[in-house]
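Under my numbering, the first residue of the sequence shown carries the number 147, and numbering increases by one thereafter.
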Amino acid sequence: MNLDRLKRVTIDKREAFEAALAVQQRLSCESNFANIFMWSEVYDTYYTEINSRIVVLNLKVAALLFPFGQWFEPAQLEQHRADLSATMGIDLSWGDVPREYIETHAAALCQYYIISTTPDEDDYILSVENLAELSGRGHQNTRRLIRQFGEQVPGWRLIEITLDNSELARQFAMAQIEAERPGDFLDDESLAITRAFNNFSQLGLEGVLLISPSGEPQAFSVYSFTRPDTCNVHFEKADRQIRGAAQTIRVSLAQHLLQRAKWINLEQDLGNPGLRRSKASYMPEQLLPRYRLSKIAGTEK
Numbered sequence: 147m148n149l150d151r152l153k154r155v156t157i158d159k160r161e162a163f164e165a166a167l168a169v170q171q172r173l174s175c176e177s178n179f180a181n182i183f184m185w186s187e188v189y190d191t192y193y194t195e196i197n198s199r200i201v202v203l204n205l206k207v208a209a210l211l212f213p214f215g216q217w218f219e220p221a222q223l224e225q226h227r228a229d230l231s232a233t234m235g236i237d238l239s240w241g242d243v244p245r246e247y248i249e250t251h252a253a254a255l256c257q258y259y260i261i262s263t264t265p266d267e268d269d270y271i272l273s274v275e276n277l278a279e280l281s282g283r284g285h286q287n288t289r290r291l292i293r294q295f296g297e298q299v300p301g302w303r304l305i306e307i308t309l310d311n312s313e314l315a316r317q318f319a320m321a322q323i324e325a326e327r328p329g330d331f332l333d334d335e336s337l338a339i340t341r342a343f344n345n346f347s348q349l350g351l352e353g354v355l356l357i358s359p360s361g362e363p364q365a366f367s368v369y370s371f372t373r374p375d376t377c378n379v380h381f382e383k384a385d386r387q388i389r390g391a392a393q394t395i396r397v398s399l400a401q402h403l404l405q406r407a408k409w410i411n412l413e414q415d416l417g418n419p420g421l422r423r424s425k426a427s428y429m430p431e432q433l434l435p436r437y438r439l440s441k442i443a444g445t446e447k
């Protein structure tokens, strides 16, 4: 395995990454520098630059993210995959390939790849306006749960996460992770959250904290902007013992962003039935598929 041509993803590369990402203006949560950086320890992430594009390698899952910048033609895309596979000594696939690229180059791509997708990796894209207003019968249960939260925690407030309260938010996040998975503090999500809070302002992260009148956190959300009209929610936690806290933070975030964003990306459900029911209950405008390109065996040049 030769890592000489690959580099670790570091904070100082944010501007270069975001310039390359801006070319395609994608909604995908993988097209977000903060996400790439925060999860880079978990996925053993590297990157390289090829002909003014940036290519990210998640070594843990042997996957390359679709290049940031101008599209490569399919033959070029395959040549770069083959070169990186040879360099690493492992078979790599392309992940997070946009539907538009698949539709534009379907015939050529089928010469090289098995094209696949899974609903487990679809991003949930919600309208900020619709989520903020919660109009219609489809949101009846969400409205009921928010009312119940208000009854349990009268006088609750939504405040922005700042340097002064970020440690309170981080500790709350870790407590919720521990409650979900007892004894497993060192899981992947806690590593990513730690990197997020340790580099909060440098990553361009923002967040809101739902607190009681006495200042006790009830829920929080951390997000950034993938593109000017799209907020990507990276982490969202609520006290499971308080009914309606999860719904209140999500809708309150939409109201908080009403003048700044058109879309909220809630990311994937990863095949988790509970997450799927929860995210679907907010009536997303679209489920954004991401495609994988896996090399057809026996077609190497």
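Using N, Cα and C, we set each Cβ at its ideal position, and we do this for glycine too.
Residue i beta carbon near the ligand GTP (any heavy atom closer than 7 Å)
i           : result
residue 303 : The ligand GTP is absent from the structure shown, which contains no ligand whatsoever.
Residues bridged to residue i [DSSP beta-bridge criterion]
i           : result
residue 369 : 352, 379
residue 363 : 357
residue 536 : Look at the range of the chain in this structure, 147 to 447, and you will see that residue 536 is not part of it.
residue 204 : 191, 209
residue 261 : 439
residue 434 : 269
residue 303 : 357
Residue i, DSSP secondary structure in three states
i           : result
residue 440 : strand
residue 413 : coil
residue 153 : strand
residue 196 : strand
residue 331 : Only weak support exists for where residue 331 lies, its pLDDT of 48 falling under 50; the value from the coordinates is given anyway. Looking at residue 331 - three-state DSSP - the assignment turns out to be coil, as it is neither helix nor strand.
residue 180 : helix
residue 163 : helix
residue 384 : strand
residue 245 : helix
residue 296 : helix
Euclidean distance between Cα positions of residue i and residue j
i           : j           : result
residue 187 : residue 283 : 43 Å
residue 163 : residue 216 : 13 Å
residue 359 : residue 426 : 31 Å
residue 395 : residue 225 : 46 Å
residue 354 : residue 150 : 41 Å
residue 207 : residue 386 : 32 Å
residue 256 : residue 377 : 34 Å
residue 388 : residue 324 : 16 Å
residue 174 : residue 430 : 14 Å
residue 322 : residue 250 : 44 Å
residue 285 : residue 268 : 22 Å
residue 237 : residue 203 : 12 Å
residue 154 : residue 300 : 47 Å
residue 351 : residue 178 : 11 Å
residue 310 : residue 185 : 25 Å
residue 384 : residue 266 : 23 Å
residue 331 : residue 369 : The pLDDT assigned to residue 331 is 48, lower than 50, so where the model puts this residue is not dependable, and the model offers no usable value.
residue 307 : residue 412 : 19 Å
residue 191 : residue 302 : 40 Å
residue 247 : residue 219 : 10 Å
residue 367 : residue 444 : 47 Å
C-beta atoms of residue i and residue j nearer than 8 Å
i           : j           : result
residue 152 : residue 194 : yes
residue 380 : residue 180 : yes
residue 182 : residue 348 : no
residue 304 : residue 230 : no
residue 271 : residue 432 : yes
residue 196 : residue 214 : no
residue 274 : residue 410 : yes
residue 288 : residue 405 : no
residue 327 : residue 333 : yes
residue 295 : residue 391 : yes
residue 211 : residue 176 : yes
Touching by the beta-carbon criterion (3+ pairs, under 8 Å), the stretch 391 to 410 and the stretch 272 to 290
Segment contact: the stretch 391 to 410 against the stretch 272 to 290, three or more CB-CB distances shorter than 8 Å; contact assigned.
Report yes or no: do the stretch 238 to 257 and the stretch 430 to 437 share at least 3 C-beta pairs separated by less than 8 Å?
yes
Segment contact, 8 Å Cβ cut-off, at least three pairs: the stretch 165 to 185 with the stretch 364 to 381
Inter-segment contact for the stretch 165 to 185 and the stretch 364 to 381 is present: three or more beta-carbon pairs are separated by less than 8 Å.
Does the stretch 309 to 321 come close enough to the stretch 334 to 349 to have 3 or more Cβ pairs within less than 8 Å?
yes
Specify whether the stretch 247 to 262 and the stretch 362 to 370 touch according to this definition: at least 3 beta carbon pairs, one from each stretch, less than 8 Å apart.
no
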